[in-house]
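Since the structure comes first, as structure tokens, the remarks are kept for the end.
Residue numbers (this note's numbering): 2 to 516.
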């Protein structure tokens, strides 16, 4: 099969499979020329770069609300280069990918999870949410999968690996299960459960975009990699159903997503707040853009951005998947304007540019094709296409329901006791300097629960090494508890500010005020 006909043929072939990974017979093989494969890989990285640039100015400025049609979002020739040089930190979801690409280049396709974790944790770039919590864990000696597990990482369901999984799909053309295996190693550094599923799903969509030119098929087929009992699967399945119910009204589907799926549980910033960095909600916006965009690159960019929340990462994901499907040469000229001038600029914290990663991902894809039963010859590659299989079931924050977020807004000078009733608690705070010119300092805090010492935590003032929450404890016996924190090394020029604490119960509690 050649590129002109393989879309429909592979679609029929995959749809007829029985749910198992297909064998190596001729019926499940797709042939691409080397140039076609390169074009799709380049299209994936280019689409991602275009999307993150387009959505950058609106990132987390529209939380719980869509960006109205009259709100202009700029795009012009030279904008990509200008942004890459002026705001290099915007491209965190790309240079994070590149960390893992570099590890594969150095250690091979079977690089162990610990190698990815150590490389990621020791990079100089700034991190947030699940990534930062994982960095703290890894640097303390806690390796994956423990570093991303929800008991050790309150951000386990956040978007982090979802926006870093592009590389896994781009090096696994037509092989979603191979992409899932990479995601198992890398994604559990920082995520678990629905947070991990975000990356598995994105990797599968990229992978299938090599062998199907039907965006609706790719969205649905990739979802087979996610266990149906998971909330992530249910959320995306809902978006697919709402698209069928409201085929001409993406905003109505957006409202349905808001009504059903925007109650955050784990992320301390998102609980009791309009801010939502949860993987499944932001993945829903990606799918919203893909389905309602219907292979129109501009519409896909607009919708996945205007859905709000993480509105640079979501069009980056949607644009990367669509760019893979369309190929570099198929992305409309309007969106490609100025990209060529930026393709030799190294991304922040790496010596890798787009032109370098195009070549490196292509090299890795060739190796993966051969490793998973395909063939590589002088003119073509033959891909042994895989029928997507569900990864194992995981669920974060099982049986936990946030019932209160209580402000503190006070420094911890010696000791603080917090009495609460529930089954879990998260204490939030931050280590600060009184003068930014001061050297970094690390506080040490002893944590006690009901009179028993749990741990000693460190709270660095250094942004790179900071701890996002002072402490937390889940799965407590239902009832009354006392959390006590004692500062071991107070310093007059530094302060440890306690901001608030979140209490969890084992059941949802409705709050009614008056009639």
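C-beta: ideal position from N, C-alpha, C; glycine also.
By the C-beta criterion, the stretch 71-86 is judged not to be in contact with the stretch 384-397, since fewer than 3 inter-stretch pairs fall below 8 Å. Ranking 68, 461, 96 by CA distance to the CA of residue 347 puts 96 first. Looking at the backbone, the Cα of residue 211 and that of residue 508 are separated by about 44 Å.
In the three-state scheme derived from DSSP, where H, G and I count as helix and E and B as strand, residue 36 is classed as helix.
Residue 328 sits away from residue 302, with the two beta carbons spaced by 8 Å or more. According to the DSSP assignment, residue 482 belongs to the beta strand (DSSP E) that extends over 480-488. Fully contained in the stretch 383-436 are the following beta strand (DSSP E) runs of length 3 or more, in chain order: 402-412, 416-423, 425-434. Nearest to residue 351 by alpha-carbon distance, out of 67, 83, 92, is 92. As the crow flies, the alpha-carbon of residue 247 is around 18 Å from that of residue 235. Counting of Cβ neighbours within 10 angstroms places residue 71 among the exposed residues, the total staying below 16. In this structure, the CA atom of residue 314 is about 40 Å from the CA atom of residue 492. In this structure, residue 158 lies near residue 267, with their beta-carbon atoms less than 8 Å apart. Cα atoms of residue 332 and residue 55: separation of roughly 15 Å, rounded to the nearest angstrom.
Checking the DSSP bridge columns, you'll see residue 495 partnered with 434. When the beta-carbon positions are compared, residue 134 and residue 484 stay at least 8 Å from each other. At the C-beta level, residue 311 and residue 86 stay beyond 8 Å of one another. The C-beta distance from residue 180 to residue 199 rounds to 13 Å, too long to fall under 8 Å, and the pair is not in contact. A distance below 7 Å between beta-carbons, with the five flanking residues on each side excluded, links residue 349 to the following residues of its chain, in chain order: 89, 90, 92, 96, 126. Shortest Cα-Cα distance from residue 446 to any of 402, 440, 412, 420 involves 412. An exposed status is given to residue 107, since fewer than 16 other beta-carbon atoms sit within 10 Å of its beta-carbon.
In this structure residue 156 is not in contact with residue 120, their Cβ atoms being roughly 20 Å apart against a cut-off of 8 Å. Within a 10 Å sphere around the beta-carbon of residue 345 sit fewer than 16 other beta-carbons, which makes this residue exposed. Ranked by how close their Cα comes to the Cα of residue 490, the residues 442, 463, 165, 504 have 442 in first place. Counting every other CB atom within 10 Å of its CB across the protein chains shown gives residue 146 a total of 16 or more, marking it as buried. Contact annotation: residue 408 and residue 330 have beta-carbon atoms that are not nearer than 8 Å. With respect to the C-alpha of residue 448, the residue from 293, 403, 426, 435 having the closest C-alpha is 426.
With a 10 Å radius around the Cβ and a threshold of 16 neighbouring Cβ atoms, residue 188 comes out buried. Rounded to the nearest angstrom, the gap between the Cα atoms of residue 370 and residue 178 is 12 Å. Looking only at 293, 286, 292, the smallest Cα-Cα distance to residue 306 is reached by 286.
For residue 198, DSSP assigns no beta-bridge partner whatsoever. A distance of 8 Å or more separates the beta carbons of residue 57 and residue 100. Cα atoms of residue 192 and residue 183: separation of roughly 14 Å, rounded to the nearest angstrom.
Non-local C-beta neighbours of residue 339 in its own chain, meaning closer than 7 Å and more than five positions away in sequence, comprise 78, 79, 80, 81, 82, ordered along the chain. Distances from the alpha-carbon of residue 399 to those of 459, 232, 239 put 232 closest. Following the DSSP letters along the chain, one finds residue 447 inside the beta strand (DSSP E) bounded by residues 443-450.
Beta-bridge analysis with DSSP links residue 461 to 443.
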